[in-house]
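Enquirer: So the protein lines, in turn, are chains A, B and C. Just so you know, numbering that gives the first Met the number 0 puts 27 at position 28 of the first sequence, and the rest follows in order with no gaps. Just so you know, numbering that gives the first Met the number 0 puts 574 at position 575 of the second sequence, and the rest follows in order with no gaps. Just so you know, numbering that gives the first Met the number 0 puts 230 at position 231 of the third sequence, and the rest follows in order with no gaps. Cβ atoms here follow ideal geometry from the backbone N, Cα and C, with glycine treated the same way. In this text, all values refer to a predicted model and were calculated from it rather than measured experimentally. Have a look at this one before I ask anything.
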Amino acid sequence: MRKFWCAFFVFWPIVAIIYSIVASMTPSLGWWFPGASVTELGQRIDNLFYLILYIVTAVFIGTQIALVYVLWRASHSKDERAWFSHGSHSLEVIWSVVPSVILLFLALYQMDVWALFRVQAYFPKEARDAPIAEVTARQFEWRIRYPAPGKKLQLKPQPDDLYDVNDLHAPINRAVMIQLRSGDVQHSFFLPHLRVKQDAIPGQIIPIWFKAEKQGIFELTCAELCGWGHYKMRAQLTSEREVEYEAYLKKLQADQNYDGHATPSAVAKKDE
Amino acid sequence: MSAAGVAQEHGHEQEHAQGAHGHHEQSFIQKYVFSTDHKMIGKQFLFTTLLMLMLGGALALGVRWQLAFPWTSMPIFGPLFANAGGQISPEFYTMLFTMHATVMIFLVIIPVLAGAFGNFLIPLMIGADDMAFPVLNMLSYWFMIPAIACFGMSFYFGGAASGWTSYAVLADLRAAAPGSGSAQTMWLMGVTFVGVSSMMGSVNYMTTIINMRAPGMTLFRMPLTIWAMLITAILQAFALPVLTAAGFMQLFDRLAFGGWLEGIHTVFFIPAGLVVNNTDPTVGGGQPLLWQHLFWFYSHPAVYIMLLPAMGMTSDMLACMCRKPIFGYKPMVYSMSAIAGLGFIVWGHHMFTSGMNPALGMTFMVSTVMIALPSAVKVFNWIGTIWGGRLQFNTVTLHCIAFVSMFIVGGLSGIFMAAVPVDIYIHDTYIIVAHFHYVVFGTTMFGVFGAIQFWFPKMFGRKMNETVGKWHFLLTYIGFNGAFFPMHMLGIAGFPRRYADPYVHPYLEHLLPLNQFITISAMIMGFAQFLLLGNFLISIFRGEKTGRNPWNSNGLEWAAPSPPGHGNFDVPPVCFRGPYEYSNPNRANQDFWMQTDPTRNPKNPPEAPAHGHS
Amino acid sequence: MIARVWQLLVVVLAGAVAGCAEDASKMRFAQNAAIANPVHRKARAVVEKTLEEHFGTPLDSVAWLKLPVNYGKAEGKVKSVDGRSVIVDFNAETSDLESLKSPELSRAGLLFTSGANQGESFLLASYDPSEKSFETLLPLKTAPAEGDQFVVAGQNLRHGRKLYARHCQHCHGINGDGDGTTAKYLNPRPRDYRLGIFKFTSTNKDTKASHDDLKRILSYGIPGTYMPSFVPMLKDNELAVIVEYIRWLAMRGELEVQLLKDLKNDYAADRARKEAKESKASTSEIENQIAKQLEEYVANPTEGLAAFIETVTGDMVSAWEGAETADTVIMPPVPRVPDTVASRERGKALFVKTDGGKCINCHGPTGRGNGFQTEDFQKNDAAGGFYEKRGLHDAWDQPIKPRDLTRGIYRGGRRPIDIYRRISQGIKGTPMPPVAATVKPEQIWDLVNYVLSVPFESVPRKAAKAHSVAGQPSEHGNAN
């Protein structure tokens with residue numbers, strides 16, 4: 000049984016490692032990131048993730064091997080008595096100092112990405128100056144308010160603002176900022192493909208910026224429990240070329256002013 | 000009252016020595032129900048928490064069922080509570096995970112560690128005849144009952160459904176969520192009662208450990224279990240008032256008292272102008288983030304409250320099972336203290352994406368990353384303890400090894416969360432769920448399972464069945480890893496927590512089979528706990544009888560009869576040495592040297608350890 | 000509920016982990032209790048049976064081809080008949096062949112369009128895609144000949160039911176009564192479809208909601224309520240089948256209400272007791288008499304139940320079909336009057352005029368939804384007398400508040416045409432009246448312009464412009 004148990008404790012970490020390798024190497028399984036990040040900042044976040052992953056994997060393998068090694072030795076010991084030792088001062092010093100240096104490095108190395116993501120002073124100027132939309136999370140949908148084409152987003156709603164629900168449009172290759180707020184409880188603005196997440200806090204307006212570098216439709220979900228319909232808050236980010244973006248706003252404007260006499264193209268896409 | 004028939008080894012000692020206690024007959028109620036005996040209270044806690052463990056597990060399986068087989072008829076819960084056809088509703092799902100966490104944290108993990116083992120072990124291990132305040136101790140158990148009743152009432156009102164974190168504003172406004180009505184109020188009351196219970200325990204433990212140690216039991220001769228309990232008690236004493244205060248603040252926010260108390264209707268966490276469920280816009284100028292700060296100021300240290308005692312107990316068990324002194328006793332004590340100290344300044348890592356000041360994110364990141372250090376030191380020391388030992392694979396050993404192995408996973412995955420930029424992506428995804436289950440179940444519960452089997456002879460004078468114990472371990476370990484390791488991958492794939500139906504999102508659709516695998520593993524794990532429960536209950540009456548010291552261990556508790564009578568020790572114990580003198584070459588004939596053993600070192604004097612001891 | 004908690008604990012203690020399988024046969028559409036209670040239980044049973052015959056049960060629904068519901072369709076010809084099973088050939092061009100492979104086809108409806116069985120409808124009991132043969136639930140009276148044409152329908156109903164169960168049922172209830180498990184926590188309550196009334200439509204005041212109206216609600220949600228937007232969660236075809244299922248539930252509910260109301264006249268719940276008092280007959284004799292009468296009523300082909308259903312469904316069908324025709328959709332005869340200050344002021348004048356649109360009576364002088372009617376006792380037209388509570392009530396007898404226009408939330412949509420339709424045709428099932436008869440279209444546009452300007456009136460224009468969001472710290476100052 001001694002051999003069985005030693006094998007048992009070594010078996011599981013091996014399975015874990017193999018499983019992790021398979022998951023990370025086989026994107027078709029979908030057990031890893033939902034595709035490469037479509038923002039540069041997201042890629043930097045991924046790189047930090049991988050850096051931690053490599054360090055952690057090395058430590059994981061090292062400690063599990065050490066554990067099973069000492070297990071094997073201890074369970075197969077033929078000595079009459081165990082090694083009488085209360086510890087080793089030098090070992091304690093080594094395994095305190097080395098990890099602390101690595102950990103401190105990890106912490107300091109993360110700082111600038113965080114600052115870029117979240118500290119407004121570091122936001123790209125073009126984004127900071129002209130937020131493209133205000134996203135209001137409410138139970139259980141995302142209501143989006145754009146300024147009328149050619150105008151700037153105002154803090155208070157304006158008569159000519161444009162509204163949409165669950166569909167945030169943004170031009171590609173341009174750093175854009177949105178103002179996030181909540182109409183009722185806390186929510187979280189989560190764009191998994193862009194590695195963007197920010198809670199919407201009632202009573203606060205929180206700026207978020209991103210610069211999508213790929214055209215397409217990306218999921219926008221809620222990542223903070225907001226009630227029974229938490230899972231229902233599915234929306235999308237439509238990342239499109241500047242001209243399409245402008246056309247979208249025009250269409251939105253035409254639809255919003257639709258009085259039954261405008262051109263048929265003014266009917267919203269959702270209306271068929 | 001009876002210590003008769005179990006004290007074979009120490010037959011020369013007086014069987015019925017009662018110490019300072021008078022020998023008087025107690026009624027059934029005094030003895031088994033409203034007992035002031037720390038051992039009985041510990042057992043009461045243990046029975047209660049095991050019961051609650053099964054309930055919490057059932058709730059978890061409900062959650063898992065929905066994730067694996069969404070909207071199909073849920074066994075047990077469906078026909079009992081849900082719609083026609085057994086299909087549950089989303090608010091029922093939110094209730095399930097909220098109450099699962101609540102039951103597991105407040106009614107299982109915290110009370111089983113501090114309540115059950117803290118109570119049972121502290122006086123025995125330090126050589127006291129009981130706690131410093133026996134009546135307070137009794138009250139600390141009986142305050143659990145209204146807590147359980149409050150959570151029960153919460154079920155009656157539909158179940159609290161705003162997560163165990165109870166974030167304002169969701170939990171703060173009565174109209175915000177189905178569970179935010181009276182269910183949430185009862186939930187807050189329940190948490191308050193648990194807090195009062197813990198606080199009574201913590202005052203008692205600190206006083207007992209500081210004042211009632213046996214002669215010779217210096218601070219650095221205390222077993223690590225006692226150190227852990229002391230540090231935990233201090234943590235509780237400092238952190239709990241914040242939660243209690245925050246709980247009352249939320250309660251005042253929620254209740255409109257009316258009449259002359261109308262002015263109490265506070266708005267601590269409620270900002271102005273929110274329209275929830277079509278009610279009138281809120282009035283106020285409160286700050287929802289304040290709740291998160293207050294809550295995590297308690298709940299992060301609470302994570303260590305849920306971990307440190309298990310660390311201490313495992314250290315003791317591991318040393319005994321390896322027949323070897325603990326590797327680096329003082330570094331172990333210091334690292335536990337460091338965890339406790341740092342534990343108070345890391346709460347902000349739960350709030351990296353919450354919208355608090357970004358500069359705080361940086362400071363909290365540094366402190367959080369640094370808390371990994373003492374944890375790492377502990378792991379290295381445990382491995383060092385096994386190194387060169389003489390190990391028998393019994394159930395206790397297996398649980399201890401699993402404890403170390405799982406703690407490595409849980410600890411390492413924590414580093415991802417500590418790194419703020421990475422946390423932006425993984426916050427509130429399943430990788431968080433994986434991480435804390437590796438710590439709270441993988442680590443603490445394996446420690447507790449081991450501790451149950453280790454101290455069972457002391458509690459009941461009998462041993463638990465080894466074969467059943469090993470099967471329980473095997474199934475739990477396999478089920479546990481099968482359930483929780485793939486959750487890391489779910490998290491990396493961006494699978495958010497607390498979704499009743501994640502598969503409405505196309506980027507998560509393909510994860511259904513993986514979730515089904517997780518659910519099946521969880522079911523195996525759930526089934527295994529019946530083995531534990533059965534083994535536990537049957538062994539109380541049928542288990543193999545044992546003597547005072549079945550494990551040849553060193554601690555003071557093993558000098559007392561099994562089970563110890565009223566007043567614990569038949570001879571008032573005196574402590575002569577530290578608790579880890581296993582395999583001491585100066586000790587002839589046996590590889591352990593009990594703390595109470597007055598035998599002097601034959602080679603007089605030096606009692607020098609063979610290797611450098613800091 | 001306490002008993003339930005104990006039950007739970009006992010179950011957990013007993014360690015029963017075995018699953019309790021869903022008993023499909025027990026799942027039924029619950030009867031409309033509010034209307035059914037005053038009806039004699041035997042008559043209620045007749046209604047239940049009738050409805051089950053035409054609509055089935057939730058898990059085993061029946062596509063009743065009489066109704067104007069798009070059940071999903073497949074057309075084909077009979078090839079041969081082998082005992083009870085009919086071997087067929089589907090017309091690939093007009094049929095959704097993919098849906099024919101699904102087991103959901105079983106118990107779909109079947110209608111012969113030519114041959115001896117022309118005009119007869121049956122239920123399919125089974126369909127075997129490999130043999131291309133089906134069996135009907137009841138034996139065909141006359142065996143179909145080769146070449147007889149038929150239509151199979153019902154796949155969409157099955158699909159719709161599946162999606163409805165996942166996305167809608169927990170609020171709107173299994174039978175569309177707006178009383179699912181989540182409903183009791185919601186304000187306002189989810190719509191009860193069974194009156195066949197939907198509030199926000201593009202159709203005129205006398206017509207039902209159109210398919211597109213319902214789809215628009217699903218796409219955009221109803222702001223200010225818990226009805227969320229289901230785009231992009233659901234695809235276009237999924238929205239369409241859900242809408243069909245909802246319309247089907249609404250028609251089912253309507254028929255149920257009509258049947259119960261009709262039967263209430265002759266078969267009141269307390270009839271036996273009352274008659275026993277008046278005559279000398281014992282209660283059981285009268286009960287027998289009731290049973291007999293009911294039997295006769297059900298059996299009578301010309302003046303009985305069947306005839307009544309024929310009439311009622313006829314009206315219903317034309318009402319629902321009417322909603323799909325272009326001439327019932329309200330289109331303003333004139334384009335929007337330019338949104339000028341003068342127009343808004345004309346609108347405001349109309350708004351506050353007590354003998355014009357009477358908006359002020361409910362919405363109040365400043366549009367806050369606090370007109371005097373909200374403080375008054377209101378007549379209950381359906382039950383007679385007055386409502387117990389002050390304030391307005393809707394057709395579902397729920398208290399209802401006039402919209403507070405200052406909040407800028409428009410449940411039926413914020414486009415000018417939406418507001419125009421609301422004002423012109425009123426909101427169905429609510430006290431909001433149609434004004435088209437008394438107010439000219441241009442004036443309605445003035446009102447629209449005024450209503451849309453209400454949320455911004457209190458904001459001084461210059462101050463609002465100066466408050467640019469860009470580069471400003473948030474309201475609470477710690478968002479940087």
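#1: Given that a residue counts as buried once 16 or more other Cβ atoms are within 10 Å of its Cβ, and exposed if not, what is B:G311?
#2: Mind checking whether B:G246 and B:V266 have CB atoms under 8 Å apart?
#3: Using beta-carbon positions only, say whether C:T181 and C:C167 come within less than 8 Å of one another.
#4: Helix, strand or coil, according to DSSP, for C:P398 in the structure here?
#5: Between the C-alpha atoms of B:R496 and B:E580, what's the straight-line distance to the nearest angstrom?
#6: Alpha carbons only, please: which of B:F529, B:M405, B:Y429, B:M124 is nearest the one belonging to B:Q594?
#7: So that I know if they touch, is there some Cβ in chain C lying closer than 8 Å to that of A:E279?
#8: Does the separation of the CB atoms of A:A126 and A:A174 fall below 8 Å?
#9: Under 8 Å, Cβ to Cβ, is there at least one residue of chain A near C:E474?
#10: Thinking just about the alpha-carbon of each residue, which of A:K151, A:F116, A:R180 is nearest to the one in A:I143?
#11: Any C-beta of chain C within less than 7 Å: which residues of the region 502 to 516 of chain B qualify?
#12: Taking DSSP as the reference, what is the three-state secondary structure of B:H264?
#13: I'd like to confirm the pairing. Which residues does DSSP put opposite B:T475 in its beta bridges?
#14: Across the region 40 to 55 of chain A and the region 505 to 513 of chain B, are there enough close Cβ pairs to call them in contact, namely three or more that are closer than 8 Å?
#15: Give the DSSP bridge partners of A:W208, in chain order.
#16: With a threshold of 8 Å, are at least 3 pairs of Cβ atoms found where one atom belongs to the region 328 to 346 of chain B and the other to the region 354 to 373 of chain B?
#17: Would you report the Cα separation of A:D198 and A:V37, rounded to the nearest angstrom?
#18: Return helix, strand or coil for C:F385, following the three-state DSSP convention.
#19: Could you tell me whether any Cβ in chain A is nearer than 8 Å to the Cβ of C:M232?
#20: State yes or no: is the C-beta of B:M416 within less than 8 Å of the C-beta of B:I431?
#21: Could you pull out every residue in the same chain whose Cβ sits closer than 6 Å to the Cβ of C:P415, ignoring the five residues on either side in sequence?
#22: Can you find a CB in chain C that lies within less than 8 Å of the CB of B:Q86?
#23: Below 8 Å on the Cβ atoms is my contact criterion, and I expect B:M369 with B:L341 to pass it. Report the Cβ-Cβ distance as a whole number of Å.
#24: What residues of chain C sit near A:H186, judged by a beta carbon separation below 7 Å?
#25: Report yes or no: do three or more beta-carbon pairs, one from the region 189 to 197 of chain B and one from the region 242 to 253 of chain A, lie closer than 8 Å?
#26: Does B:N276 pass the burial test, meaning 16 or more other C-beta atoms within 10 Å, or should it be called exposed?
#27: What are the boundary residues of the beta strand (DSSP E) that B:A232 is part of?
#28: Using a beta-carbon distance cut-off of less than 7 Å, what residues from the region 415 to 428 of chain B approach chain A?
#29: Give me the residue from B:P562, B:R461, B:K38 with the minimum Cα distance to B:F630.
#30: Who does A:W141 pair with in a DSSP beta bridge?
#31: Check whether the Cβ of A:Q197 lies closer than 8 Å to any Cβ atom in chain B.
#32: Helix, strand or coil for A:L154? Go by DSSP, reduced to three states.
#33: Can you tell me whether C:V68 is buried or exposed, with buried defined as 16 or more other CB within 10 angstroms of its CB?
#34: Nearest chain B C-beta to C:P222 closer than 8 Å, yes or no?
#35: Going along the chain, which residues of the region 109 to 125 of chain A sit with their C-beta nearer than 8 Å to a C-beta in chain B?
#36: Should C:P454 be flagged as near chain A, meaning a C-beta pair shorter than 8 Å?
Expert: So, from the data block:
#1: As a working note, residue 311 of chain B is residue 312 in the second sequence. The residue is buried, with at least 16 neighbouring Cβ atoms inside 10 Å.
#2: For the purposes of this step, residue 246 of chain B is taken as the residue at position 247 of the second sequence. For the purposes of this step, residue 266 of chain B is taken as the residue at position 267 of the second sequence. No, the Cβ-Cβ distance between B:G246 and B:V266 is not below 8 Å.
#3: In the third sequence, residue 181 of chain C corresponds to position 182, counting from 1. In the third sequence, residue 167 of chain C corresponds to position 168, counting from 1. Taking 8 Å as the Cβ cut-off, C:T181 and C:C167 do not qualify as a contacting pair.
#4: Translated into the one-based positions of the third sequence, residue 398 of chain C becomes position 399. DSSP places C:P398 in strand when its eight states are reduced to three.
#5: As a first step, residue 496 of chain B is located in the second sequence; it is residue number 497 there, counting from the start. As a first step, residue 580 of chain B is located in the second sequence; it is residue number 581 there, counting from the start. Spanning the two alpha carbons is a distance of roughly 47 Å.
#6: As a first step, residue 594 of chain B is located in the second sequence; it is residue number 595 there, counting from the start. Ranking B:F529, B:M405, B:Y429, B:M124 by Cα distance to B:Q594 puts B:M124 first.
#7: The first residue shown for chain A is 0 and the last is 271, placing residue 279 of chain A beyond what the model contains.
#8: Within the first sequence, the letter at position 127 stands for residue 126 of chain A. Within the first sequence, the letter at position 175 stands for residue 174 of chain A. Cβ atoms of A:A126 and A:A174: closer than 8 Å.
#9: Reading the third sequence from its first residue, position 475 is the one you call residue 474 of chain C. No answer about C:E474 holds up, because its pLDDT of 39 lies below 50 and its placement is not dependable.
#10: Start at 1 with the first residue of the first sequence, and residue 143 of chain A comes out as number 144. Selected option, being the one with the closest Cα: A:R180.
#11: V503
#12: Working through the second sequence from its first residue, we reach residue 264 of chain B at position 265. In the structure shown, B:H264 sits in coil (DSSP, three-state: anything other than H, G, I, E or B).
#13: Taking the first residue of the second sequence as 1, we reach residue 475 of chain B at position 476. DSSP lists no partner for B:T475.
#14: no
#15: Against the first sequence, residue 208 of chain A aligns to sequence position 209. DSSP lists A:M176 as partners of A:W208.
#16: yes
#17: Start at 1 with the first residue of the first sequence, and residue 198 of chain A comes out as number 199. Start at 1 with the first residue of the first sequence, and residue 37 of chain A comes out as number 38. In a straight line, the C-alpha of A:D198 is about 21 Å away from that of A:V37.
#18: Residue 385 of chain C sits at position 386 when you count from the first residue of the third sequence. C:F385 falls in the strand class under three-state DSSP.
#19: Locating residue 232 of chain C in the third sequence gives position 233, counting from the first residue. True, the Cβ-Cβ gap to chain A drops below 8 Å.
#20: By 1-based counting over the second sequence, the position of residue 416 of chain B is 417. By 1-based counting over the second sequence, the position of residue 431 of chain B is 432. Contact flag set, yes.
#21: Translated into the one-based positions of the third sequence, residue 415 of chain C becomes position 416. Same-chain partners within the cutoff: R335, V447.
#22: For the purposes of this step, residue 86 of chain B is identified with residue 87 of the second sequence, where counting begins at 1. Interface residue, yes.
#23: The residue given as residue 369 of chain B occupies position 370 in the second sequence. The residue given as residue 341 of chain B occupies position 342 in the second sequence. That pair is a contact at about 6 Å.
#24: Against the first sequence, residue 186 of chain A aligns to sequence position 187. The contacting residues do not exist; A:H186 stays about 13 Å from chain C at best.
#25: no
#26: Here residue 276 of chain B refers to the residue found at position 277 when the second sequence is read from its first residue. Its Cβ being crowded by 16 or more others within 10 Å, B:N276 is buried.
#27: In the second sequence, counting from the first residue as 1, residue 232 of chain B sits at position 233. It is not in any beta strand (DSSP E) - B:A232 instead sits in the alpha helix (DSSP H) that spans 223 to 253.
#28: F415, A418, V419, P420, V421, I423, Y424, H426, D427
#29: Outside the shown range of chain B (0 to 613) lies residue 630 of chain B, about which nothing can therefore be said.
#30: Sequence index remark: in the first sequence, residue 141 of chain A carries index 142 (1-based). A:W141 pairs with A:A136.
#31: Here residue 197 of chain A refers to the residue found at position 198 when the first sequence is read from its first residue. With 8 Å as the cut-off, A:Q197 counts as an interface residue toward chain B.
#32: The residue labelled residue 154 of chain A in the question sits at position 155 within the first sequence. A:L154 falls in the coil class under three-state DSSP.
#33: Residue 68 of chain C sits at position 69 when you count from the first residue of the third sequence. Buried is the call here.
#34: Locating residue 222 of chain C in the third sequence gives position 223, where the first residue counts as 1. No, C:P222 does not count as interfacial toward chain B.
#35: Q109, M110, V112, W113, A114, F116, R117, V118
#36: Against the third sequence, residue 454 of chain C aligns to sequence position 455. Answer yes: the Cβ-Cβ gap between C:P454 and chain A drops below 8 Å somewhere.
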